[in-house]
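Line order of the protein sequences matches chains A and B.
Under this note's numbering, the first residue of the first sequence is numbered 1131, with each subsequent residue one higher.
Under this note's numbering, the first residue of the second sequence is numbered 1131, with each subsequent residue one higher.
Beta carbons are placed, not taken as given, at the ideal position from N, Cα and C, and that holds for glycine.
Data block below; observations after.
2 protein chains.
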Amino acid sequence: MAPVSARHPEVQTALLAMIYRYLPALRWLRYYRREHLPSDVVAGIVTAIMLIPQSMAYAQLAGLPPQIGLYASVAPLIVYALLGTSGQLSVGPVAITSLLVFHGVSALATPGSERYIQLVLLLAFMVGAIKLALGVLRLGVILNFISHPVLAAFTSASALIIAIGQLKYILGYPIGGEHLYETIAQAIAGLSQTNPVTLAIGLASIGLLIFFRQGLRPLLRRAGLPPLAVTLIVSGAPLLSVMLGIIVALSFQLDQTAGLAIVGAIPAGFSPISTPAMTMADAQALLPTALTIVLVSVVESIAVAKALASKRRQAIDPDQELVALGAANITASFFSGYPVTGGFARSVVNAQAGAITGLASLVTAAGIALILLFFTPVFYYLPQAVLAATVIVAVIGLVDLREPQRIWRTNRGDAFTWLITFVSVLALGIETGIFIGVATALVLYLWRTSRPHIAIVGRLGDSEVYRNVERHPVKTWPHVVAVRVDESLYFANTRYLEQALLRIVAERPEVKHLVLIGSAINFIDSSALHTLDHLIDELRDAGVEFHLADIKGPVMDRLSQSELLTKIGQDHIHITTHAAMLALGCRD
Amino acid sequence: MAPVSARHPEVQTALLAMIYRYLPALRWLRYYRREHLPSDVVAGIVTAIMLIPQSMAYAQLAGLPPQIGLYASVAPLIVYALLGTSGQLSVGPVAITSLLVFHGVSALATPGSERYIQLVLLLAFMVGAIKLALGVLRLGVILNFISHPVLAAFTSASALIIAIGQLKYILGYPIGGEHLYETIAQAIAGLSQTNPVTLAIGLASIGLLIFFRQGLRPLLRRAGLPPLAVTLIVSGAPLLSVMLGIIVALSFQLDQTAGLAIVGAIPAGFSPISTPAMTMADAQALLPTALTIVLVSVVESIAVAKALASKRRQAIDPDQELVALGAANITASFFSGYPVTGGFARSVVNAQAGAITGLASLVTAAGIALILLFFTPVFYYLPQAVLAATVIVAVIGLVDLREPQRIWRTNRGDAFTWLITFVSVLALGIETGIFIGVATALVLYLWRTSRPHIAIVGRLGDSEVYRNVERHPVKTWPHVVAVRVDESLYFANTRYLEQALLRIVAERPEVKHLVLIGSAINFIDSSALHTLDHLIDELRDAGVEFHLADIKGPVMDRLSQSELLTKIGQDHIHITTHAAMLALGCRD
Chain A
1131 MAPVSARHPE
1141 VQTALLAMIY
1151 RYLPALRWLR
1161 YYRREHLPSD
1171 VVAGIVTAIM
1181 LIPQSMAYAQ
1191 LAGLPPQIGL
1201 YASVAPLIVY
1211 ALLGTSGQLS
1221 VGPVAITSLL
1231 VFHGVSALAT
1241 PGSERYIQLV
1251 LLLAFMVGAI
1261 KLALGVLRLG
1271 VILNFISHPV
1281 LAAFTSASAL
1291 IIAIGQLKYI
1301 LGYPIGGEHL
1311 YETIAQAIAG
1321 LSQTNPVTLA
1331 IGLASIGLLI
1341 FFRQGLRPLL
1351 RRAGLPPLAV
1361 TLIVSGAPLL
1371 SVMLGIIVAL
1381 SFQLDQTAGL
1391 AIVGAIPAGF
1401 SPISTPAMTM
1411 ADAQALLPTA
1421 LTIVLVSVVE
1431 SIAVAKALAS
1441 KRRQAIDPDQ
1451 ELVALGAANI
1461 TASFFSGYPV
1471 TGGFARSVVN
1481 AQAGAITGLA
1491 SLVTAAGIAL
1501 ILLFFTPVFY
1511 YLPQAVLAAT
1521 VIVAVIGLVD
1531 LREPQRIWRT
1541 NRGDAFTWLI
1551 TFVSVLALGI
1561 ETGIFIGVAT
1571 ALVLYLWRTS
1581 RPHIAIVGRL
1591 GDSEVYRNVE
1601 RHPVKTWPHV
1611 VAVRVDESLY
1621 FANTRYLEQA
1631 LLRIVAERPE
1641 VKHLVLIGSA
1651 INFIDSSALH
1661 TLDHLIDELR
1671 DAGVEFHLAD
1681 IKGPVMDRLS
1691 QSELLTKIGQ
1701 DHIHITTHAA
1711 MLALGCRD
Chain B
1131 MAPVSARHPE
1141 VQTALLAMIY
1151 RYLPALRWLR
1161 YYRREHLPSD
1171 VVAGIVTAIM
1181 LIPQSMAYAQ
1191 LAGLPPQIGL
1201 YASVAPLIVY
1211 ALLGTSGQLS
1221 VGPVAITSLL
1231 VFHGVSALAT
1241 PGSERYIQLV
1251 LLLAFMVGAI
1261 KLALGVLRLG
1271 VILNFISHPV
1281 LAAFTSASAL
1291 IIAIGQLKYI
1301 LGYPIGGEHL
1311 YETIAQAIAG
1321 LSQTNPVTLA
1331 IGLASIGLLI
1341 FFRQGLRPLL
1351 RRAGLPPLAV
1361 TLIVSGAPLL
1371 SVMLGIIVAL
1381 SFQLDQTAGL
1391 AIVGAIPAGF
1401 SPISTPAMTM
1411 ADAQALLPTA
1421 LTIVLVSVVE
1431 SIAVAKALAS
1441 KRRQAIDPDQ
1451 ELVALGAANI
1461 TASFFSGYPV
1471 TGGFARSVVN
1481 AQAGAITGLA
1491 SLVTAAGIAL
1501 ILLFFTPVFY
1511 YLPQAVLAAT
1521 VIVAVIGLVD
1531 LREPQRIWRT
1541 NRGDAFTWLI
1551 TFVSVLALGI
1561 ETGIFIGVAT
1571 ALVLYLWRTS
1581 RPHIAIVGRL
1591 GDSEVYRNVE
1601 RHPVKTWPHV
1611 VAVRVDESLY
1621 FANTRYLEQA
1631 LLRIVAERPE
1641 VKHLVLIGSA
1651 INFIDSSALH
1661 TLDHLIDELR
1671 DAGVEFHLAD
1681 IKGPVMDRLS
1691 QSELLTKIGQ
1701 DHIHITTHAA
1711 MLALGCRD
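Rendered as structure tokens:
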């Protein structure tokens, strides 16, 4: 017997659509165009070259041994390539997630200890499960509650915290401190213990990286090199500085002779299988960190993926992205990795290097796997200061103090949110800071909607258009006041509105009719219905009749279900403002 | 030299207006009309008759000796009469505030103890200070965040808690329990210890009170008594039941012979001066209770005052009400009282009895002062069961289970909020419950605004009116899609909107122009500006031009301050939807 799909082509199409939706890789694998192959392969290699030092550096930032960073850059990438909808997004360890891992887990266990790694695996699993659940339930919209100013401020502040946190590797003496000011104080107090060799290597690396990024790129461009070559050379800078660092450290045996901290032995071999050990108490303790990581990493990652996709006229499915990132993180927890997401800078490089499909990610994963299998002994002499330099140069570009100025120009409230978030993250810590930022944005929004803009409108020339009397040269009539309320009516603004309308009427004793224009009223709740009921009585007591105009369907539905509609009277409800004015004799 | 005001009449007027605003009593004192005097005096006496038993009963509910209730009914009333803007509001102890006092303070000290009373004084001071501050800063609008469903559910649930809490006085054995279910379980477990005499007196009082309220009023009315006499007789019921209770208890010495709990000695004399002892730790511990009392009592009190004032065509200034209630509570803390506010039932009686100005309140205060000075010994034999009956009958009318049904009909979300609040207050306690209620209302509101209603509109006949294609028979053109977004654009909905618009365009390959109609867009934040910027690029990539129409002034201001306006282009911004459609050739 033939399968169902063969007999019913439309079933086959629907099935295929569903499979394609949940396994987007099938689409590009099936229709893979051979001319894309070189481009994808080169992009994969370029990204791998960038990811090798980054993954080790970010692992160090997360309080983990360097191989964990490499492990997190193999299996999760393969899973993302199969499930993700972006061909350009470079999934793997990123700076801010690493910082969040460090802050969240170091409160529960000593960084680098067996228990610490166990907790990190559990965290990766939780992050993955939450993302997966949000994606499957198509609830990605929840993440929209992190607003642009909050994310911008959080990113800048976190980047500062990360950069300052790396000072201990550059200066060569231990610097702790839970809060930023403690870290700064300890850094200054210990300056006399600075290890000069470590400092020299760290500063040299920073100089090299900045030169490659800021100075070399324009030079190469002016020299006429093709863009791909420029990208390849510039993004190879971290690996170059790693190689130089290793050569110097090895040549002079600086770990023995000058007390230089080096990475040491990295076990060879593919990512070992791990099982995240789940206990209720640990899961509960890690939950705030997991939620923060989900919030921050997904918003960033989807934004990057979207921006890069639209340049190639490809489309991103945000919920499927959640599924893919969720699966990638769960994979990380079973292959000795740690939480991963799409990195901004690396994805841009990936796209510039020509990534078109998920094949680029597969090539990158293969590159990292090769390193793990054969080249780990090379990194024995890698100075930690070089990795710290990689982190510092990567994050310092995230500190954007011009963005709050741009925000200030368009929206003072949003600028205030930026400032509160920035200061809170620096002063009170990462998670508290972002929570305060989100809360500030919400409170400001509610505050704004609780004091709606109210405009008295008049007729614009001989048109049917009615506009604010304070902004336009419009015609009004003394016995009618037409008021447009620029907000939905709900509990937080309903009494404010009542006061405002009564004041408007009190200031105009000649007014006999008040027309409430509903063009901006998008819904009305039961508190507002109560207040309206009361307002109509008060207006009647003052000798003013109440009219409605331009009420939208959903609002009218609510009104009909209450007894208010009868109280207002059908003849006092008008389809448009103009109809209301004509009915009230405002013709001349 | 003449004072400034004599030389400048307009200064004098302004000064007077200010004095009148902050001391409203001056206005009614200065222009007092003699014909109002009998009405005010009778109302004051009627309210005093009602307040005597109520103030002692509510003090008992608050875990305080009865005289504290009487003290709270003298000095605070005088202060309110001078500063308040309502002539009808009857300030004094009320049931729900008393319950909140008991719950908040009994967690810190044993009810009735010296420390308990000290904490209650501090609480009254804090409640007063918060109200005063909100009033002076004109921040009363904050209280609007408690929505109608939350307040309705809270009131019903609290009334149930209060009524069940009074069972111990009616049954005559101790019933404790922090949560309602514990109280109910203890009440049932102890039924065999019921004191039959106490129960008989309690039930008789309840019967008498219900008869006066439900049965007698219609009888008297039908008998042709004037309304004032009816009000006087009906509102005298609590005092009558008090007198009967005293006579029965005294005659048979029921405290000795049958173990009846009586009020006992009440010290004679006017409210003693007290000073609230302020320590940081106590203030911190009491803050949640103080905030809850402010929230609940002010909303209720102002709503009552407004409703009664509008019947008499008088006006209420909500911020001045906060000042007056704040000053009344601070006064309570210095005259051995406890938190007071405007009571609903008592204020209605006050108004029905003819209260016109604050003089009625002054008469009431004088009546209570007389009781304190000369008649306290009378109340020695007052059975506690009679006071409990007063409380039960007063609050049981507050349980309104038809309101949620009314809410359900107009707004499912609000009905859900009602249910959550009601269940939370009963199951988790007063303060947690109201907090959960307020939070639920806010989250529902945000959720609603994060998924805005989006309508594709078309032309209604030959008018300039454009309405939803799904609700009206309208004309559309294939190359233009006009979309009205029924919500302000802000961080929580901006990505939802982007997805929705892209989907609309994707489903209509023939569309060349998208017109976004801004008639319901009341503001736009920086996150939305970012998303719009991105959306315009995406639409351009898809071969669709982006237009704006019907943008309001404040939104246009924001757009001009960003670079978005240049990107859209002046010729793509239209004053109305109709203008946009004409410009795009939609004429036929």
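(request) Assess, as a yes-or-no matter, whether the segment 1305 to 1318 of chain A is touched by the segment 1572 to 1590 of chain A under the definition of 3 or more beta carbon pairs within less than 8 Å. (result) no
(message) At the 7 Å Cβ level, is A/T1324 part of the contact set with chain B, yes or no?
(response) no
(request) Report the three-state DSSP secondary structure of B/T1579 (helix, strand or coil). (result) helix
(request) Ignoring anything shorter than 3 residues or poking outside the segment 1529 to 1580 of chain B, list the beta strand (DSSP E) runs there in chain order. (result) none
(request) Per DSSP, which residues does A/Y1596 bridge with? Please list them. (result) A/R1589
(request) Just tell me which of A/C1716, A/V1674, A/F1653, A/G1673 has its CA closest to the CA of A/L1689. (result) A/F1653
(request) Would you mind telling me which residues of chain B sit closer than 7 Å to A/Y1626, beta carbon to beta carbon, in chain order? (result) V1271, N1274
(message) Any beta carbon from chain A within less than 7 Å of B/V1266's own beta carbon?
(response) no
(request) Could you tell me which chain B residues have their CB closer than 9 Å to the CB of A/Q1691, listed as they occur along the chain? (result) R1539, T1540, N1541
(message) Would B/W1111 and B/T1487 be called neighbours here (beta carbons separated by less than 7 Å)?
(response) The question about residue 1111 of chain B has no answer here: the residues shown for chain B are numbered 1131 through 1718.
(request) With a threshold of 16 other CB atoms inside 10 Å of the CB of B/L1333, please say whether the residue is buried or exposed. (result) exposed
(request) To the nearest angstrom, report how far apart A/L1249 and A/V1523 are at their CA atoms. (result) 29 Å
(message) Applying the 10 Å Cβ sphere with the 16-neighbour rule, what's the burial state of B/F1621?
(response) buried
(request) Measure the CB-CB distance between B/E1617 and B/T1579 and report whether it falls below 7 Å. (result) yes
(request) Spatial neighbours of B/K1642 within its chain, please: CB distance less than 8 Å, with the 5 preceding and 5 following residues excluded, ordered by chain position. (result) H1609, V1610, G1673, V1674, E1675
(message) How far does the beta strand (DSSP E) with B/S1656 in it extend, from its first residue to its last?
(response) No beta strand (DSSP E) contains B/S1656, which is instead part of the alpha helix (DSSP H) from 1656 to 1671.
(message) According to DSSP, is A/K1605 part of a helix, a strand, or is it coil?
(response) strand
(message) With a threshold of 7 Å between beta-carbons, can B/E1430 be considered close to chain A, or not?
(response) no
(message) Please list, in chain order, the residues of the segment 1601 to 1621 of chain B that have any C-beta partner in chain A closer than 7 Å.
(response) R1601, D1616, E1617, Y1620, F1621
(request) Out of A/P1279, A/L1264, A/P1168, point me to the one whose CA is closest to A/Y1575's CA. (result) A/P1279
(message) Which residues does DSSP list as the beta-bridge partners of A/P1513?
(response) A/I1392
(message) Given this structure, state the Cα-to-Cα distance separating A/L1370 from A/I1377, to the nearest angstrom.
(response) 11 Å
(message) If distances are taken between C-alpha atoms only, which option among A/A1515, A/V1360, A/Y1201 comes closest to A/N1325?
(response) A/A1515
(message) Considering only DSSP beta bridges, list what B/I1584 is partnered with.
(response) B/V1615
(request) Given a cut-off of 7 Å, decide if B/S1220 and B/T1177 are closer than it, judged by their beta-carbon atoms. (result) yes
(request) Report the three-state DSSP secondary structure of A/V1470 (helix, strand or coil). (result) coil
(request) Report the three-state DSSP secondary structure of B/G1270 (helix, strand or coil). (result) helix
(request) Tell me whether A/F1676 sits in a helix, a strand or coil according to DSSP, three-state version. (result) strand
(request) Going by DSSP, name the residue or residues bridged to B/I1703. (result) B/L1678
(message) Can you confirm whether the segment 1499 to 1516 of chain B touches the segment 1260 to 1275 of chain B when touching is taken to mean that 3 or more C-beta pairs between the two stretches lie within less than 8 Å?
(response) no
(request) Can you give me the Cβ contacts of B/Y1246 inside the same chain, cut-off strictly under 7 Å, excluding the 5 residues immediately before and after it? (result) G1193, V1235, A1239, T1240
(request) Would you list, in sequence order, the uninterrupted beta strand (DSSP E) runs of no fewer than 3 residues that lie entirely inside the segment 1406 to 1442 of chain A? (result) none
(message) What does the Cβ neighbour count give for A/M1711, buried or exposed, with the cut at 16 atoms within 10 Å?
(response) buried
(message) Using a Cβ-Cβ cutoff of less than 7 Å, which residues in the same chain neighbour A/S1649 once the five nearest sequence positions on both sides are dropped?
(response) R1614, D1680
(request) Return no unless some Cβ of chain A is closer than 7 Å to the Cβ of B/A1650. (result) yes
(request) Determine the chain A residues that contact B/E1594 at a beta-carbon separation under 7 Å, and present them in chain order. (result) E1594
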